[in-house]
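My numbering puts the first residue of the sequence shown at 11, with every later residue one more than the last.
Cβ coordinates follow ideal geometry from the N, Cα and C atoms, glycine included.
Worksheet: one structure, shown below.
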Amino acid sequence: MGQQTNIQAIAWGMTAVLALLCGCGEPAVDVAENLREYSGSASCKECHEKFYKLWEPSHHGKALQPWSPELACALPSQEEPIEAEGRFYLAQITPEHGRIRDDQGTTYDIAYAMGGKNYYNFLTLMDDGRLQVLPIFYDVQHKSWRNTTSSMLRHFTDGRQDTPVSWRDSMLTFNAACFSCHVSQIESNYDPKTDTYDTTWNEPGISCESCHGPASEHIRVCRAASPDNPPGDLKLIAWKDLTTEQQNDACSVCHTKGAPITEKFETGDKYWNHYDLTTFEHPDYYANGRDLGENYTLGSWLLSSCVKEGNLSCTHCHTSSGRYRFEGEKANHACLPCHEERVKNAAEHMHHPDGGVTQCVDCHMAMHSFGGMNQSDHSMRPPLPNLSIAVGSRNACIICHTDQTHEWALDHVRSWHSDFDEYTEPEMLRALLIKSLHDGKWEKLPDVFRYISDPESDPLFTTSMIRLLPPSGAPQQQVILRELTIRAAHPLVRSAAAAALDADNMPADRPALFKAISDKIRLVRVRAAERLAALPVSEIPDEYRGAFETAMEEMWASFNLRLDHWSSHYNTGNILMRQGNYAEAVANYDRAHELRDDIAPPLVNGAMALASLGRLKEAEIRLKEATQLPEPSPEAHFNLGLLYGEQGQTDEAAEELRKTLKLQPENARAACNLAIILAEKGDDYSETYQLLKHAIKQDPNNPRYIHTLAYYYMQNHHFDNAKQVLEEGFGRGVNSRDLQILYRQLMALSQGSEPKQ
Numbered sequence: 011m012g013q014q015t016n017i018q019a020i021a022w023g024m025t026a027v028l029a030l031l032c033g034c035g036e037p038a039v040d041v042a043e044n045l046r047e048y049s050g051s052a053s054c055k056e057c058h059e060k061f062y063k064l065w066e067p068s069h070h071g072k073a074l075q076p077w078s079p080e081l082a083c084a085l086p087s088q089e090e091p092i093e094a095e096g097r098f099y100l101a102q103i104t105p106e107h108g109r110i111r112d113d114q115g116t117t118y119d120i121a122y123a124m125g126g127k128n129y130y131n132f133l134t135l136m137d138d139g140r141l142q143v144l145p146i147f148y149d150v151q152h153k154s155w156r157n158t159t160s161s162m163l164r165h166f167t168d169g170r171q172d173t174p175v176s177w178r179d180s181m182l183t184f185n186a187a188c189f190s191c192h193v194s195q196i197e198s199n200y201d202p203k204t205d206t207y208d209t210t211w212n213e214p215g216i217s218c219e220s221c222h223g224p225a226s227e228h229i230r231v232c233r234a235a236s237p238d239n240p241p242g243d244l245k246l247i248a249w250k251d252l253t254t255e256q257q258n259d260a261c262s263v264c265h266t267k268g269a270p271i272t273e274k275f276e277t278g279d280k281y282w283n284h285y286d287l288t289t290f291e292h293p294d295y296y297a298n299g300r301d302l303g304e305n306y307t308l309g310s311w312l313l314s315s316c317v318k319e320g321n322l323s324c325t326h327c328h329t330s331s332g333r334y335r336f337e338g339e340k341a342n343h344a345c346l347p348c349h350e351e352r353v354k355n356a357a358e359h360m361h362h363p364d365g366g367v368t369q370c371v372d373c374h375m376a377m378h379s380f381g382g383m384n385q386s387d388h389s390m391r392p393p394l395p396n397l398s399i400a401v402g403s404r405n406a407c408i409i410c411h412t413d414q415t416h417e418w419a420l421d422h423v424r425s426w427h428s429d430f431d432e433y434t435e436p437e438m439l440r441a442l443l444i445k446s447l448h449d450g451k452w453e454k455l456p457d458v459f460r461y462i463s464d465p466e467s468d469p470l471f472t473t474s475m476i477r478l479l480p481p482s483g484a485p486q487q488q489v490i491l492r493e494l495t496i497r498a499a500h501p502l503v504r505s506a507a508a509a510a511l512d513a514d515n516m517p518a519d520r521p522a523l524f525k526a527i528s529d530k531i532r533l534v535r536v537r538a539a540e541r542l543a544a545l546p547v548s549e550i551p552d553e554y555r556g557a558f559e560t561a562m563e564e565m566w567a568s569f570n571l572r573l574d575h576w577s578s579h580y581n582t583g584n585i586l587m588r589q590g591n592y593a594e595a596v597a598n599y600d601r602a603h604e605l606r607d608d609i610a611p612p613l614v615n616g617a618m619a620l621a622s623l624g625r626l627k628e629a630e631i632r633l634k635e636a637t638q639l640p641e642p643s644p645e646a647h648f649n650l651g652l653l654y655g656e657q658g659q660t661d662e663a664a665e666e667l668r669k670t671l672k673l674q675p676e677n678a679r680a681a682c683n684l685a686i687i688l689a690e691k692g693d694d695y696s697e698t699y700q701l702l703k704h705a706i707k708q709d710p711n712n713p714r715y716i717h718t719l720a721y722y723y724m725q726n727h728h729f730d731n732a733k734q735v736l737e738e739g740f741g742r743g744v745n746s747r748d749l750q751i752l753y754r755q756l757m758a759l760s761q762g763s764e765p766k767q
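So, in structure tokens, the structure goes:
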């Protein structure tokens, strides 16, 4: 009959998802010219007074500003205290000082204000050098004082809502999260030994040199030249000499929900050599790519057909200081020259004879507010109420007509455009595929495979689908991922495909990764190195050794960028775990937990490393701690169940696995392990069968679940059922050596002959 599957043979469920660093990275000095130094924006005023006067009061120039009488004048008094975490806070504003005081008498001095266009967040300097965002902020748009973290809650379409984080959380620490896009040439100067900061920067706000590079050599050569004979080489980055891609990449490093992989970016560099990008796998997005949380523009910008097809740059609509170029009567000129006819006949195109809508951006870049910030949809897509009905996203019609429904909007749009449903069918298809993956509806996988295999598919949606694929390693899935790793046109797709391969357990994945470590884009090389990192050097072919060593250096550099961020240590622990270096992995998981003690992954993976060292009691303690966190962790219950199972505590194991399934019904591994425990406890296999069918439904391409169900059917002489399960799996293209052996045994039994191994 073959070997019986048992709980001791089941691998631990490592939480191995790569945690992305938040924030946008630090602007960098070009080290190729040692003489180049930052001179400060004031040094530009002598020759560029007109531009200096435009920049200095701009939202870029005032992205961060110290307390001043001018700032005090912009803030009204706060009439009523605002509650946050059980205390009430009141702002005290004078020209000399800004303070926020709580009802216990604690006073926090306002050192800086961040923002100003949509809101002012206020920073106070803590004893350990942290610049912490204070618990109340001023909403410029609504002219009101509000609770900082409560304003940042996402409201999901299924009725769920975020829980506010503490205002003391590291996500609201300026030095750790939002620093790089609000000051210029910052050095965080974090000391991991003391967990303190001694942060410095050249100047607050986004300076001239942030976009044009260090100015010292520019100033020198210009002063040395005669007025009638300017230097041929201005020793400065001039935007007129940049390509559209280079201009957009320079803006993207701040206007992105991205993750830095290097500490150096300067105008002219490629974005993908320095950053990753969060896509629609994240809960800050609806399934159709519309913003649900705060995404800083790039994710929607890259969806725009105007950007993809029209060579459109950010500076077409915005000045370098961030101002909008098209105001008043020229508002729709932003859409010229590509849409000249529609601009000429704007009233007819907008279908609002009452004049309620007069600007193209009202419908194509509808604005909504999140966290006090007004966000324009830079995908420039038209209102799509059919997608709002399908996936819950907002649309421009209902943003204005708040008393109406998506169905009302859809009726109107269909009456204006008879081909609306046909025209938007591709949008609907990709949104529903993302939603199906989020919901764990794997019956849509064939359609997903077709989408991501099509070179004409949108790269952001392709990346999102890759990141949402089940980790079962179905043969068709792996073949597609290998091909995309090597041949996909967009580097984001190549990097996502590389990250989804499994060199540790699937040798067939390795050749694609070997080629990817020589990719021309650093992001792809780093992700490929992560998947190869556990292989001994002896298993790296000679022709790839040099590229492997270089890519590994780039990978470790990316992990060490932010030692004040939990994910740096967590990611390092994951690599060390895969390399079998369990003691060092534990140390890194411990450090991640110290920096972020309210989340489960460092505790869960730390427990797994301890278990690998035979320290089972310590592992159990950590997993129990993870199950008690405010945010429920199905992974903690799952791994605790496995730990109990390996120690023969089957009742406790079953209880934890049931808790897992209650929190995470789609967890196929929990269902399978619980089924095995129940099968080994008694003669009633009915629940075992149901659990294994559930596991197969959640992950239909995993041969282990098919094998286990067929095995138990055979054990109980339900040979027809076993045959049906196996053949249905074969029909889906699922196969393995164990499945073939079991099928031969089944055929031999049905024919009354001796089973063959």
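{"Item": "Does DSSP put G556 in a helix, a strand or coil?", "Value": "helix"}
{"Item": "Answer with buried or exposed for S87, where buried requires no fewer than 16 other C-beta atoms within 10 angstroms of its C-beta.", "Value": "exposed"}
{"Item": "According to DSSP, Y753 sits in a beta bridge with which residue or residues?", "Value": "Y753 pairs with nothing; no bridge assigned."}
{"Item": "Output needed for Q2: all residues of its chain with C-beta closer than 8 angstroms, excluding positions within five of it in sequence on either side, in chain order.", "Value": "Any answer about residue 2 is impossible in this case: the structure gives the chain only from 11 up to 767."}
{"Item": "Straight-line CA distance for E453 to Y296?", "Value": "21 angstroms"}
{"Item": "Compute the Euclidean distance between the alpha carbons of Q734 and I716, then round it to the nearest angstrom.", "Value": "10 angstroms"}
{"Item": "Take A94 as the anchor and find which of E80, Q75, W576 and Q114 has the nearest alpha-carbon.", "Value": "Q114"}
{"Item": "Consult DSSP for H704 and reduce its assignment to one of helix, strand or coil.", "Value": "helix"}
{"Item": "Return helix, strand or coil for D372, following the three-state DSSP convention.", "Value": "helix"}
{"Item": "Here's the rule: buried if 16 or more other CB atoms are within 10 angstroms of the residue's CB, otherwise exposed. What is W426?", "Value": "exposed"}
{"Item": "Judging by CA-CA distance, which residue of D168, R164 and N185 is the nearest neighbour of V175?", "Value": "R164"}
{"Item": "Just the Cα atoms here: how many angstroms apart are T472 and Y461?", "Value": "7 angstroms"}
{"Item": "The beta strand (DSSP E) with M124 in it runs from where to where?", "Value": "Y122 to G125"}
{"Item": "Alpha carbons only, please: which of F569, K669 and C54 is nearest the one belonging to A602?", "Value": "F569"}
{"Item": "Helix, strand or coil, according to DSSP, for S198 in the structure here?", "Value": "coil"}
{"Item": "What does the alpha-carbon distance come out to for the pair E635 and P611?", "Value": "11 angstroms"}
{"Item": "Contact defined as beta carbons within less than 8 angstroms: I believe P644 pairs with T670. What is the distance between those atoms, to the nearest angstrom?", "Value": "5 angstroms"}
{"Item": "If the criterion is Cβ atoms closer than 8 angstroms, does the pair Y200 and D574 meet it?", "Value": "yes"}
{"Item": "Among H727, A758, N731 and P710, whose alpha-carbon lies nearest the alpha-carbon of N745?", "Value": "P710"}
{"Item": "Using 8 angstroms as the threshold, is the region 210-223 in touch with the region 269-284, meaning 3 or more CB pairs across them?", "Value": "yes"}
{"Item": "Just grab the DSSP bridge partners of L133 for me.", "Value": "Y122 and V143"}
{"Item": "Do Y148 and Y122 have their CB atoms nearer than 8 angstroms?", "Value": "no"}
{"Item": "Looking at C-alpha atoms only, which residue of M562, T637 and C218 is the closest neighbour of W249?", "Value": "C218"}
{"Item": "Beta-carbon within less than 7 angstroms of D449's beta-carbon, same chain only, minus the 5 sequence neighbours each way: which residues are those?", "Value": "none"}
{"Item": "Suppose the cutoff is 7 angstroms on Cβ atoms and the five residues either side in sequence are ignored; what does the same chain contact list for P105 look like?", "Value": "P79 and A82"}
{"Item": "So, are the CB atoms of S331 and L64 less than 8 angstroms apart?", "Value": "yes"}
{"Item": "Please list the terminal residues of the continuous alpha helix (DSSP H) segment that includes Q488.", "Value": "P485 to R497"}
{"Item": "With distances taken Cα to Cα, identify the nearest neighbour of R537 among A518, P551, A513 and D552.", "Value": "A513"}
{"Item": "Within the continuous beta strand (DSSP E) that includes L287, where are the two ends?", "Value": "Y285 to L287"}
{"Item": "Let me confirm a value: V547 is counted as buried when at least 16 other C-beta atoms fall within 10 Å, else exposed. Which label applies?", "Value": "exposed"}
{"Item": "Take the Cβ of P517 as the centre, count every other Cβ of all protein chains shown within 10 Å, and call the residue buried at 16 or more, exposed below.", "Value": "exposed"}
{"Item": "At what residues does the beta strand (DSSP E) containing M383 begin and finish?", "Value": "M383 to S386"}
{"Item": "How long is the line joining the alpha carbons of L85 and I103, rounded to whole angstroms?", "Value": "8 angstroms"}
{"Item": "Would you give the residue range spanned by the alpha helix (DSSP H) that D112 belongs to?", "Value": "Run containing D112: none in the alpha helix (DSSP H); it sits in the beta strand (DSSP E), G108 to D112."}
{"Item": "According to DSSP, simplified to helix, strand and coil, what is S4?", "Value": "Residue 4 lies beyond the stretch modelled for the chain, which goes from 11 to 767, so this question has no answer here."}
{"Item": "Considering only residues of the same chain and omitting the five flanking positions on each side of D748, which have a CB-CB separation below 6 angstroms?", "Value": "H717"}
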